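Residue numbers (the numbering used here): 365 to 442. Glycine included, C-beta positions come from ideal geometry on N, C-alpha and C. None of the values given here were measured: they were computed from a predicted structure. In what follows, a single structure is set out as structure tokens and then discussed.
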Amino acid sequence: MVDRVWWLWQNANSANLYAFEGGSVQNLSYYSEYPNGSPPWLSMDSVLPNDGILLPAQTTLGDVWITEGDFLCYTYDS
Numbered sequence: 365m366v367d368r369v370w371w372l373w374q375n376a377n378s379a380n381l382y383a384f385e386g387g388s389v390q391n392l393s394y395y396s397e398y399p400n401g402s403p404p405w406l407s408m409d410s411v412l413p414n415d416g417i418l419l420p421a422q423t424t425l426g427d428v429w430i431t432e433g434d435f436l437c438y439t440y441d442s
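Quick look at the structure:
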């Protein structure tokens, strides 16, 4: 369900497609300053921690960002 909501939001406006901001650490002590996570900052080249469930092991955020891409290769009905 969350994935579909994300997909709908991405496709609602072309500016949303690659829109994201945040860090890789959720620190509740600094939540008001960094509500989207604190440094180190994430990028499309950030490797996803996956404990071996994704192949290749160095799967990046950019690999899974768009569901219709080569890695995931699925879509939703509009």
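Check: Find the nearest neighbour of E385 within the set P399, N375 and Y395, judged by alpha-carbon distance.; Outcome: P399
Check: Just the C-alpha distance for D367 and Q374, rounded to the nearest angstrom, thanks.; Outcome: 10 angstroms
Check: From what residue to what residue does the alpha helix (DSSP H) around W373 run?; Outcome: V366 to A376
Check: Among the candidates N391, D434, S402 and A421, whose CA atom is the shortest distance from the CA of V411?; Outcome: A421
Check: Please identify the residue among M408, P413 and T423 whose C-alpha is closest to the C-alpha of A383.; Outcome: M408
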